[in-house]
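**Q**
Residue numbers (my numbering), protein chains in the order written: chain L, 34 to 386; chain C, 1441 to 1718; chain D, 154 to 420.
1. Which residues, taken in chain order from the stretch 87-112 of chain L, show a beta carbon closer than 9 Å to some beta carbon of chain D?
2. How many whole angstroms separate the CB atoms of residue 1558(C) and residue 185(D), which I take to be in contact at a CB cut-off of 8 Å?
3. Pull up the distance between the alpha-carbon of residue 231(L) and that of residue 104(L), whole angstroms please.
4. Between which two residues does the alpha helix (DSSP H) harbouring residue 257(L) extend?
5. Using a Cβ-Cβ distance cut-off of 7 Å, determine whether residue 1548(C) contacts chain D.
6. Would you report the Cα separation of residue 254(D) and residue 1465(C), rounded to the nearest angstrom?
7. Return the chain-ordered list of same chain residues with a C-beta closer than 7 Å to the C-beta of residue 365(D), the five sequence neighbours on each side being excluded.
8. Would you check if the distance between the CB atom of residue 346(D) and the CB atom of residue 309(D) is smaller than 7 Å?
9. Which word fits residue 154(L), buried or exposed, when buried means at least 16 other C-beta atoms lie within 10 angstroms of its C-beta?
10. Tell me whether residue 190(L) is buried or exposed, calling it buried when 16 or more other Cβ atoms sit within 10 Å of its Cβ.
11. Could you name the residues of the stretch 310-330 of chain D whose beta carbon sits closer than 8 Å to any beta carbon of chain L, in the order they occur along the chain?
12. Would the stretch 321-333 of chain D count as touching the stretch 252-270 of chain D if we require 3 or more Cβ pairs under 8 Å?
13. Note down, in chain order, each residue of its chain lying with its Cβ closer than 7 Å to the Cβ of residue 278(L), except the 5 sequence neighbours on either side.
14. Can you round the beta-carbon distance between residue 405(D) and residue 273(D) to whole angstroms, since I take them to be within the 8 Å contact cut?
15. May I ask you to list the residues that DSSP assigns as paired with residue 373(L)?
16. Kindly indicate which residue of 218(L), 53(L), 127(L) has the alpha-carbon position closest to the one of residue 61(L).
17. Kindly list, in the order they appear in chain L, the residues whose Cβ is closer than 9 Å to that of residue 338(D).
18. Determine, using beta carbons only, whether residue 365(D) comes closer than 7 Å to chain C.
19. Counting only the same chain and skipping the five closest in sequence on each side, list residues whose C-beta sits under 7 Å from that of residue 163(L).
20. If you measure between the beta carbons of residue 41(L) and residue 92(L), is that distance less than 7 Å?
21. Would you check if the stretch 327-343 of chain L and the stretch 361-373 of chain L touch, i.e. whether three or more CB-CB distances between them fall below 8 Å?
22. Considering only residues of the same chain and omitting the five flanking positions on each side of residue 1445(C), which have a CB-CB separation below 8 Å?
23. Taking its Cβ as the centre, do 16 or more other Cβ atoms sit within 10 Å of residue 416(D), making it buried, or is it exposed?
24. Could you tell me which uninterrupted alpha helix (DSSP H) segments, each at least 4 residues in length, are contained entirely in the stretch 188-241 of chain D, listed from first to last along the chain?
25. Which runs of the alpha helix (DSSP H) fall wholly inside the stretch 1512-1561 of chain C and span at least 4 residues, in chain order?
26. Is residue 162(L) close to chain D? Criterion is C-beta to C-beta, closer than 7 Å.
27. Does the beta carbon of residue 242(D) sit closer than 7 Å to a beta carbon anywhere in chain C?
28. Mind checking the stretch 367-387 of chain D against chain C and listing, in chain order, the residues whose C-beta falls within less than 7 Å of any C-beta there?
29. How is the alpha helix (DSSP H) around residue 229(L) delimited, first residue to last?
30. Taking Cβ to Cβ, would you say residue 201(D) is nearer than 7 Å to residue 293(D)?
31. Are the CB atoms of residue 1501(C) and residue 1487(C) nearer to each other than 7 Å?
32. Work out the CA separation of residue 1665(C) and residue 1588(C) for me, nearest whole Å.
33. Can you give me the Cβ contacts of residue 1714(C) inside the same chain, cut-off strictly under 7 Å, excluding the 5 residues immediately before and after it?
34. Using a Cβ-Cβ cut-off of 7 Å, state whether residue 172(D) counts as contacting chain C.
35. Any C-beta of chain D sitting closer than 7 Å to the C-beta of residue 137(L)?
36. Starting from the N-terminal side, write out each stretch of the alpha helix (DSSP H) that is 4 residues or longer and does not extend beyond the stretch 349-374 of chain D.
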């Protein structure tokens, strides 16, 4: 199956340290798949093994259904976009983009046509004779992208390509990259530490922690239903309240009885998870929505533009973050106000500590 | 993708082969074969004592050390201000000073030696100036004696000292000195308490490398010195070229090599190897 | 006590004097070589090129020029080639004993030339390689190697390893990576290294004294042999030639350096 990518029990060790530990995943053709994690999580090493820069100690790397574990990079037919663009400074834009084709000795006419096509896709037509030092960061990134796709590879790897760009530009590039990969039907394996980027662009995300995949799935699933505290905290703000089992419910701060959604933990204690935007805030004694509710006092209120973030102190010194949409006519609570927090049971999960 | 060790080895092989075949093997072979000619260890030791402590060789060893020290000190004294200036200026001034160092540095030792032979002769420029200024009544003997050798060697070795000192001086953050001034130190104090300690390792490195080079000198003392300036390298050359006395040459080589390598080991504590070449 | 201004002026004067002292001997020799008098006089009273005529008219001197250039070019090529491979390995690979290898490759500079020369002569005499010009070139490349290594390691460090990885992903073999990426980007450094290797060989004296026979005298050796007999003015002309070669090489290197640092791209 061209364009499919699979890793089977891939492991990499450097001396005594296991950097990637038994990673397995299967990516169907055309999927936009992201490896997300903090530095040191093994995501870059995993990508390097997919590219062939690093040879796996154990396991298999399957590209397009073929075992490519021992094949050097040039035999894998991949496209790749590097972190700092890796544009050849001694070649102009056209020569850079043409590089994969030039190396494989494609006919001149074909090279010219494909280069024009690639440049048009990244909106850099007319830049053929320019050199890297004459281009902005965003433009260099587009040259790198054009170069990666010019040979119409079935699989493209991207190693934190947007890290060096400013926020606005990054957003636009994210959209462009997604567009282009969809148009070409390429399988994309994208590495980043930016969870927002991962959530925006991916069909599926694999969150890596210390060499292993902590959780894998579509963005919404991983975001709403994290399986570990690490995943919950990495993918955005998360409330993690110490809690104990109490029959088929959970005893939260101050012993308040709380209900958790599906996937509840079998162990006697852990952390009760709920996203700040799922927590509603109302004046004490006000109407509550959802099965769970906790009284508290506002410690801090931050105005973030589209959202007001409240830090509310509840029982036992625990703090709950509550993000209230800055909707029309929404009352603002001030520090010191007594409030009542509430959320639905299905928005909550009990996770291991 | 880092280079595999096997690949790296293959790339290094030709250079290492050259090194082994033309440097390590010849020196080892030369020394072992020549010294072995002398017979048993006892005989070797006796011969060594004889040769190395004897009149001619013993004197040359002393000369070599003495001249080496004097030249090293002179290059330090003369080189320090130049290095200091080089580390403080920029632009055209920098290029100008650098040129004055680099051009001699890359000019053949023998050309530089010859230049001083011309200048120091009885009718040479120096004597002309001295006579002209009335400082002396007749030409001074500046050649074929210790003075000539010292002048010549100092000139040849000055660039090495300057460049080594410069490297250390350049590395001193000017803000440290500004800070000291800001705290009320006089320029003399700033120099003594901040600059000098920070560049001391450079001074040590410079002294070591200049001395190492000085004791190996051959061309300049041979051309500009008299009988009292015979240095070890010259003797080694004579024993090989003229007397064909390989064992004797080998013994002297061992001494010179031992001193050189020991000092080099000390030097590499104070500087990155290769800095002197930059 | 002396004010800082006065001290600065004194320092400046001293440095100017010293710089003058550094350049003067070389410049004086060059000027004196055009002296029209019977012996070297400075300043010259008359100017003429007679010493150059003497120099270039003498077949033995001409042979020495030819030898020096020939050996210099051979040594330069060999040292640069070997040095490039070794430098690449040093910059890109990590292996045990790297520091030892690095120090080892620099020892030909530290060990007194006379010892190296005598040892090589010892070997060469036994192998019948005395007075063989290519062999002299090989010996010269030994002492040129450290210089080449320093220059090339510095040059290769400026080549981003990500560029090599990019080239590999897009289909290059190791040789392809060299040819298409590493070499073009390191080229100014390679030329620089080759120039300095040539200079090192061109100026080299001690090893050449031992290895050159009658036929394979290089310019420095010929100067040496002449000086042992008498200090004659023709040598000034020869010296000036050597100085000119040095100046030219340094000039080319400086030009290349400027070109490397952000001038218009090639092609």
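The C-beta atom is built at its ideal place from N, Cα and C for all residues, glycine as well. These numbers come from a predicted model, not from an experiment.
**A** A quick look at the data gives this:
1. 105, 106, 107, 108, 109, 110, 111, 112
2. In the second chain, residue 1558(C) corresponds to position 118, counting from 1. In the third chain, residue 185(D) corresponds to position 32, counting from 1. Rounded, the Cβ-Cβ distance is 6 Å, consistent with contact.
3. Residue mapping note: residue 231(L) aligns to position 198 of the first chain, counting from 1. Residue mapping note: residue 104(L) aligns to position 71 of the first chain, counting from 1. If I take the Cα positions, the gap works out to 29 Å.
4. What you label residue 257(L) is simply residue 224 of the first chain in a count that begins at 1. Here the alpha helix (DSSP H) through residue 257(L) covers 252-257.
5. Taking the second chain and counting its residues from 1, one reaches residue 1548(C) at position 108. Yes - at least one Cβ of chain D is within 7 Å of the one on residue 1548(C).
6. Residue 254(D) sits at position 101 when you count from the first residue of the third chain. Residue 1465(C) sits at position 25 when you count from the first residue of the second chain. Their backbone Cα atoms lie some 16 Å apart in a straight line.
7. For the purposes of this step, residue 365(D) is taken as the residue at position 212 of the third chain. Cβ neighbours of residue 365(D) beyond the five flanking positions: 284, 289, 371, 374.
8. Working through the third chain from its first residue, we reach residue 346(D) at position 193. Working through the third chain from its first residue, we reach residue 309(D) at position 156. No, they are not a contact pair.
9. One-based indexing of the first chain puts residue 154(L) at position 121. Residue 154(L) is buried by the Cβ-count criterion.
10. One-based indexing of the first chain puts residue 190(L) at position 157. So residue 190(L) counts as buried.
11. 313, 315, 316, 318, 319, 320, 321, 322, 323, 324, 325, 326, 329
12. no
13. On the first chain, position 245 is the one that residue 278(L) refers to. Cβ within range, chain order: 301, 302.
14. In the third chain, counting from the first residue as 1, residue 405(D) sits at position 252. In the third chain, counting from the first residue as 1, residue 273(D) sits at position 120. That belief does not hold up - the Cβ atoms of residue 405(D) and residue 273(D) are roughly 30 Å apart, past 8 Å.
15. Here residue 373(L) refers to the residue found at position 340 of the first chain. Answer by DSSP bridge pairing, in chain order: 315(L), 328(L).
16. Counting from one through the first chain, the residue named residue 61(L) turns up at place 28. Looking at the Cα atoms, 218(L) is the closest of the given residues.
17. As a working note, residue 338(D) is residue 185 in the third chain. Those are 121, 122, 123, listed as they occur along chain L.
18. Within the third chain, numbered from 1, the residue matching residue 365(D) stands at position 212. So, not an interface residue.
19. Taking the first chain and counting its residues from 1, one reaches residue 163(L) at position 130. Same-chain partners within the cutoff: 125, 126.
20. The sequence position of residue 41(L) within the first chain is 8, counting from 1. The sequence position of residue 92(L) within the first chain is 59, counting from 1. In contact: residue 41(L) and residue 92(L) (Cβ atoms closer than 7 Å).
21. yes
22. Counted from its first residue, the second chain places residue 1445(C) at position 5. Result list for residue 1445(C): empty, nothing under 8 Å.
23. Taking the first residue of the third chain as 1, we reach residue 416(D) at position 263. Caution is warranted here: a pLDDT of 43 is assigned to residue 416(D), below 50, making its placement in the model unreliable, and the coordinate value is therefore given only provisionally. The residue in question, residue 416(D), is exposed, as its Cβ has fewer than 16 Cβ neighbours within 10 Å.
24. 203-210
25. 1531-1545, 1549-1560
26. Looking up residue 162(L) in the first chain gives position 129. Cβ-Cβ to chain D under 7 Å: no for residue 162(L).
27. The residue given as residue 242(D) occupies position 89 in the third chain. So, interface residue.
28. 373, 376, 377, 380, 384
29. The sequence position of residue 229(L) within the first chain is 196, counting from 1. 228-234 is the span of the alpha helix (DSSP H), which, as asked, contains residue 229(L).
30. For this step, residue 201(D) is matched to residue 48 along the third chain. For this step, residue 293(D) is matched to residue 140 along the third chain. Cβ distance not < 7 Å, so residue 201(D) and residue 293(D) don't count as in contact.
31. Numbered from its first residue, the second chain carries residue 1501(C) at position 61. Numbered from its first residue, the second chain carries residue 1487(C) at position 47. No; because the gap between Cβ atoms is not below 7 Å, this pair is not in contact.
32. Numbered from 1 along the second chain, position 148 holds the residue referred to as residue 1588(C). Numbered from 1 along the second chain, position 225 holds the residue referred to as residue 1665(C). In a straight line, the C-alpha of residue 1588(C) is about 7 Å away from that of residue 1665(C).
33. Mapped onto the second chain, residue 1714(C) falls at position 274. In this predicted model, residue 1714(C) has a pLDDT of only 47, less than 50, meaning its place in the structure is not dependable; the value taken from the coordinates is given anyway. No residues qualify anywhere along the chain.
34. As a first step, residue 172(D) must be located in the third chain, where it is residue number 19. Yes, residue 172(D) lies at the interface with chain C (some Cβ there is under 7 Å from its Cβ).
35. Position 104 of the first chain, counted from the start, is the residue given in the question as residue 137(L). Closer than 7 Å to some Cβ of chain D, the Cβ of residue 137(L) qualifies, so yes.
36. 359-364
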